Every structure is written in structure tokens, then in C-alpha cells.
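Position in the sequence shown (first residue = 1) + 22 = the working numbering.
To keep things clear, I will list the structure first and then write my remarks on it.
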Amino acid sequence: MAMDPGERRDRILSALDDMFCEVGLAGMTMAAIARRAGMSKQTLYDMFQDRDALFDAYIERRFSSMEDESATEDDGAGFETRVRRLFRFDQPAEAWDLPIALLRLAIAEAAHHPRLARRCLDDGPRSKQARLKRELDLAVARGELRIADTSAAASLLMDMLHLPILEALVGAQTRPSTKAWEARFDYGLSVFLNGVR
23 MAMDPGERRD RILSALDDMF CEVGLAGMTM AAIARRAGMS KQTLYDMFQD RDALFDAYIE
83 RRFSSMEDES ATEDDGAGFE TRVRRLFRFD QPAEAWDLPI ALLRLAIAEA AHHPRLARRC
143 LDDGPRSKQA RLKRELDLAV ARGELRIADT SAAASLLMDM LHLPILEALV GAQTRPSTKA
203 WEARFDYGLS VFLNGVR
């Protein structure tokens with residue numbers, strides 16, 4: 023039975039993390055990816071113009087799955103609860119290596135991979151910061167917080183809560199523990215809330 027295009031796409035994107043652990047970014051050629059997914063190179067090229075387009079789709083899927091998990095309707099929960107929903111504390115060892123390698127590539131080779139660099143920035147920190155701003159706007163409208171400039175506050179809060187990525191970018195073996203990430207998050211959120219309440 024033939025796979026539909028959506029199943030084919032999922033199969034390809036799902037294979038990327040395991041393949042990266044085995045061969046690294048340099049070994050992830052279109053031919054090798056096609057073999058790993060059990061399809062022809064032509065089928066892969068029919069779906070993705072080039073490796074950048076494939077990596078772009080991978081990043082899009084990763085960020086959209088994180089956004090889907092944190093997207094909730096306004097259920098009346100307080101600001102702190104809503105902000106916690108925006109952040110996912112998965113074990114960095116789980117599917118951590120390829121996203122970090124792609125981020126390194128996007129930064130180091132932005133001129134040669136502009137689409138990937140844009141995707142990493144727009145769907146990653148900019149998207150999360152925009153969601154933080156919406157949560158701050160809602161908290162101000164409800165009287166939970168007093169903030170004059172929610173854009174500036176969202177930028178600051180993003181820096182306070184987000185996992186520090188620079189160490190992971192420069193140290194290939196750096197994997198902060200979930201416990202350390204949660205402790206940083208809790209401390210950052212506490213400091214922020216004490217400053218705006």
C-alpha cells in the first residue's frame with residue numbers, strides 16, 4: 023500500500039534525529055536521508071527542494087509541536103500558570119542534538135542558509151516572545167500585573183526564563199539537566215513577578 027504524502031513527510035522528518043546521532047550533520051545527505059526513510063532520492067526531492075528545505079520543515083514541525091502543546095484557550099488560569107504552559111521542560115538529551123546543530127548552522131552560515139536562519143529565529147524565540155507578550159497583555163487587562171510596556175517586559179522575561187542556549191552552541195557536549203532548567207525558570211519567574219506586582 024502506498025503512503026500518502028503526509029505519512030511520507032512524517033517518516034522522513036522522524037528519521038532525522040536518529041540519523042543525526044549516527045552520522046552527524048555532514049553525513050545527512052539527501053541520498054542518505056532517502057535511504058534511511060526507505061524511499062528513492064527522487065521521492066525525497068519531490069517533497070523537499072534541497073537539504074535546507076528539509077531542515078526548514080524539521081524546524082517548523084518541532085516548533086509547531088511545542089506551540090500546539092502550550093496553546094490553550096483562556097480558561098481563567100492565572101498568569102503564572104499560563105506562562106508555565108508556554109515552556110516545555112523535556113530532557114535535553116531527547117532530540118536535542120539535531121536542533122542545536124541546525125541552530126549552529128543557521129548562525130554560522132546565515133548568509134548561505136537564510137531560510138533556515140529565519141525559521142530558527144521567527145518560529146523559535148520571536149514566536150515565544152510574542153506569546154509571552156499576549157499573556158502579559160492579558161494579565162494587565164485582568165489587573166494581575168501592572169506593566170506599562172508589555173513588549174519590553176516580554177523581551178526581559180524571555181531572557182529570564184529561557185534555557186541559556188549560548189553554552190550549548192559553543193560546547194557540543196553541553197546538555198543542561200531538566201532540573202537545572204526548571205530551577206532557572208522558577209527563579210527567573212519569581213524575580214520577574216516580584217518586580218511587577
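Backbone N, C-alpha and C fix where the C-beta goes; we use that ideal spot for every residue, glycine too.
Values in this document were obtained by computation on a predicted structure and should not be read as measured data.
Non-local beta-carbon contacts of Gly146 in its own chain, meaning distances under 7 Å to residues more than five positions away in sequence, involve Phe85 in chain order. Restricted to the segment 32-99, not a single beta strand (DSSP E) segment is unbroken, complete and at least 3 residues in length. Leu160 is positioned such that its CB atom lies closer than 9 Å to that of Arg104. The beta carbons of Ile81 and Cys43 sit no closer together than 9 Å. Pairing Met41 with Arg58 gives a Cβ-Cβ distance under 9 Å. Between Leu188 and Phe109, the beta carbon gap of about 18 Å keeps them out of contact (Cβ cut-off 8 Å). Proximity to Glu204 across Lys155, Arg106, Ala128 peaks at Arg106, based on C-alpha coordinates.
Here the segment 128-140 makes contact with the segment 63-80; the two share three or more CB pairs at distances below 8 Å. With a contact defined as Cβ atoms closer than 8 Å, Lys155 and Ala176 qualify at about 4 Å. Pro147 sits in a helix when the DSSP states are folded into three classes.
In the three-state DSSP reduction, Gly193 falls in the coil class, being neither helix nor strand. Straight through space, the alpha carbons of Lys63 and Lys150 are spaced by roughly 35 Å.
The C-beta distance from Leu127 to Leu47 rounds to 7 Å, short enough to fall under 8 Å.
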